[in-house]
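Q: There's a structure below that I have some questions on.
There are 2 protein chains.
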Amino acid sequence: MYQPLHQFKAEFFKALGHPLRLVILEQLVAGEKSVTDLQAALGVDQSSVSQQLAILRTRNIVEPRKDGTSVFYRLRDPLIAELLDLARSIFNNHLIDTQAMLQQLATSET
Amino acid sequence: MYQPLHQFKAEFFKALGHPLRLVILEQLVAGEKSVTDLQAALGVDQSSVSQQLAILRTRNIVEPRKDGTSVFYRLRDPLIAELLDLARSIFNNHLIDTQAMLQQLATSET
DNA sequence: CTTAAATATATGAATATTCATATATTTGAT
DNA sequence: ATCAAATATATGAATATTCATATATTTAAG
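Spelled out as structure tokens, the structure:
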């Protein structure tokens, strides 16, 4: 349907397009974390963390390392951290628009 | 459910997570383009282009400028172009993984 | 070999996205 | 006022994602 490369890039961005997955990635920017670490830091249940990690894993965004019964995850590429930083800059540049949009989102959540 | 900021960031990345929208953005990196321009360059029908532009517009990624009956679109922030560039670097760093994944995608498209 | 801890996967109902088709709106020209 | 060009929006069936619950798997310890 589309060029495979564009399809692939879309998959990459789609993988970033989820609040919990973003929080996970932000945690991993600070360094390797086990599933339990993430679970504790984010206050969500084990299954949810594993499910979202699985998605990040299949998109090659995140990389697992087994150690005993634990699995430690890390970013597969430091550029991912840069990307998140750049995104943060974009959001900051448009804080006013952002607020307007958040308001709109909130209103439509009846 | 989630922190609004993370929800918002997720919306942003989700907006990038679509092949046609990525192609549109790549076109706009080169400068302002009308809907007709885009339609011609991408070889898709008018409605599809407008639909995807609408999504990019509501996410504040893209900005319209009316001129007669035409509407010209441009990136709302030059950092968007940088973001796409950075993403490209990430893909290049992982070309081998990428190929593996594309293969997997192709296989699962039975 | 049993058990417990840590992680992963399966399932499916609810929700959201996609995309094609049809229709509406807006603007400039005659 | 009418028409045509350019763009936008509405609709809905098909498809994909989300997320909670239940179950599997893997590994180390006893």
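If you read the sequences in order, they're chains A and B.
Under UniProt numbering, the letters of the first sequence match residues 1 to 110, in that order.
Under UniProt numbering, the letters of the second sequence match residues 1 to 110, in that order.
All residues carry an ideal CB built from backbone N, CA and C; glycine is no exception.
Predicted model only: the values in this text are computed from it and were never measured.
Starting from K33 (chain B), follow its DSSP beta bridges and name the residues at the other end.
A: Along the second sequence, one-based indexing puts residue 33 (chain B) at 33. DSSP lists B:Y73 as partners of K33 (chain B).
Q: Closer than 6 Å by C-beta to L63 (chain B): which residues in its own chain qualify, once you throw out the five before and the five after it? Chain order, please.
A: For this step, residue 63 (chain B) is matched to residue 63 along the second sequence. For the sequence presented, residue 63 (chain B) should be read as Glu rather than Leu. Same-chain partners within the cutoff: R74 and R76.
Q: Could you tell me whether any Cβ in chain B is nearer than 8 Å to the Cβ of P64 (chain A)?
A: Reading the first sequence from its first residue, position 64 is the one you call residue 64 (chain A). For P64 (chain A), the answer is no, since every Cβ of chain B falls outside 8 Å of its Cβ.
Q: Taking only beta-carbon atoms, is K14 (chain B) less than 8 Å away from chain A?
A: Along the second sequence, read from residue 1 onward, the residue named residue 14 (chain B) stands at position 14. Output row for K14 (chain B): interface = yes.
Q: Do you know whose CA, among B:S48, B:Y2, B:D45 and B:V35, lies nearest G68 (chain B)'s CA?
A: If you number the second sequence from 1, residue 68 (chain B) lands on position 68. Nearest of B:S48, B:Y2, B:D45 and B:V35 to G68 (chain B), Cα basis: B:V35.
Q: Quick check on this structure: which residue in A:E82, A:P19, A:I80 and A:L84 has the alpha carbon closest to the alpha carbon of L5 (chain B)?
A: The residue you call residue 5 (chain B) lines up with position 5 of the second sequence. Per the Cα distances, A:P19.
Q: Note down, in chain order, each residue of its chain lying with its Cβ closer than 7 Å to the Cβ of A81 (chain A), except the 5 sequence neighbours on either side.
A: Counted from its first residue, the first sequence places residue 81 (chain A) at position 81. Closer than 7 Å at Cβ, skipping near neighbours: V29 and L75.
Q: Please list the partners that A87 (chain B) has in chain A, where partner means a Cβ-to-Cβ separation under 9 Å.
A: Taking the first residue of the second sequence as 1, we reach residue 87 (chain B) at position 87. By Cβ distance, chain A contributes K9, F12, F13, L79 and L83.
Q: Quick one: what does DSSP say V62 (chain B) is sitting in, helix, strand or coil?
A: Here residue 62 (chain B) is taken as the residue at index 62 of the second sequence, counted from 1. Correct three-state label for V62 (chain B): strand.
Q: Name the chain A residues that come within less than 8 Å of I90 (chain B), Cβ to Cβ?
A: Mapped onto the second sequence, residue 90 (chain B) falls at position 90. What I90 (chain B) touches in chain A: F12, D77, L79, I80 and L83.
Q: Hey, A87 (chain B) and F12 (chain A) are a contact pair by Cβ (cut 8 Å); roughly how many whole angstroms apart?
A: Taking the first residue of the second sequence as position 1, residue 87 (chain B) is located at position 87. Taking the first residue of the first sequence as position 1, residue 12 (chain A) is located at position 12. Contact flag correct, Cβ pair sits at about 7 Å.
Q: Using a 10 Å radius around the Cβ and a threshold of 16 neighbouring Cβ atoms, would you call G43 (chain B) buried or exposed?
A: Taking the first residue of the second sequence as 1, we reach residue 43 (chain B) at position 43. So G43 (chain B) ends up on the exposed side.
Q: Name the one or two DSSP bridge partners that D67 (chain A) has.
A: Residue mapping note: residue 67 (chain A) aligns to position 67 of the first sequence, counting from 1. A:S70.
Q: Restricting to Cα atoms, I'd like to know which of A:L38, A:Q3 and A:I61 is closest to K14 (chain A).
A: Taking the first sequence and counting its residues from 1, one reaches residue 14 (chain A) at position 14. Per the Cα distances, A:I61.
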